[in-house]
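Numbering (my numbering), first residue to last: 3 to 199.
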């Protein structure tokens, strides 16, 4: 019974051995394929993680750039507001300078008219010789009074001429100030347009 039993079992073992040899490599190939698939999947995961990290860096960079742009825009808007205020102030100064110029020109015209009238009086009354006026005095008191009056007239004439010259200088200064304010307005407008662009 020992050998007969072995003979009966032997074909079963052989079938089992052939089956095991045929089936095990199939499972081994599947395991190898699964490991290769797992490695490929891990590599893809690493690649996607790298891509995600890169996209996160790009997003942070873009967010920083956007924040900087917002800050720049706010600064430019603040500058524009300041420039607009400067423009208003400069325009007010121009208005004041124009009023001042008109007043100065009116005052100069008035003083010129007084001086012109004075010259016309001198011309109409003839050649006024101060020495003749003084020597035609009847007494010493009359001489002193005439001298005082002539001095006052001469002082007034000199004062009038000085006022006219001062008024002309003031008008020139006011015109220069007005031009400076107009240049300032042009400059502010150019800066404003530059900031808007």
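Backbone N, C-alpha and C define an ideal beta-carbon position, used for all residues, glycine too.
State buried or exposed for residue 140, treating a residue as buried only when at least 16 other CB atoms are found within 10 Å of its CB. Counting C-beta atoms within 10 angstroms of its own C-beta, residue 140 has fewer than 16 neighbours from the protein chains shown and is therefore classed as exposed.
Could you check the C-alpha separation between residue 70 and residue 186 for me, to the nearest Å? One C-alpha to the other measures close to 31 Å.
State the start and end residues of the unbroken alpha helix (DSSP H) segment that holds residue 143. 142-198 is the extent of the alpha helix (DSSP H) around residue 143.
Check this for me: beta carbons of residue 106 and residue 188, under 8 Å apart or not? no
Measuring only the C-alpha atoms, how far is residue 82 from residue 197? 7 Å
Consult DSSP for residue 131 and reduce its assignment to one of helix, strand or coil. If DSSP states are grouped into helix, strand and coil, residue 131 belongs with coil.
Counting beta carbon pairs with one atom in the region 158-176 and one in the region 106-119, are three or more of them shorter than 8 Å? yes
At a cut of 8 Å, does the region 79-98 reach the region 177-186 through at least three beta carbon pairs? yes
Run the CB neighbour count on residue 169, radius 10 Å, all protein chains shown included, and call it buried at 16 or more, exposed below. So residue 169 ends up on the buried side.
Give, in chain order, every unbroken run of the alpha helix (DSSP H) that is at least 4 residues long and sits entirely within the region 85-141. Segments of the alpha helix (DSSP H) lying fully in the region 85-141: 132-137.
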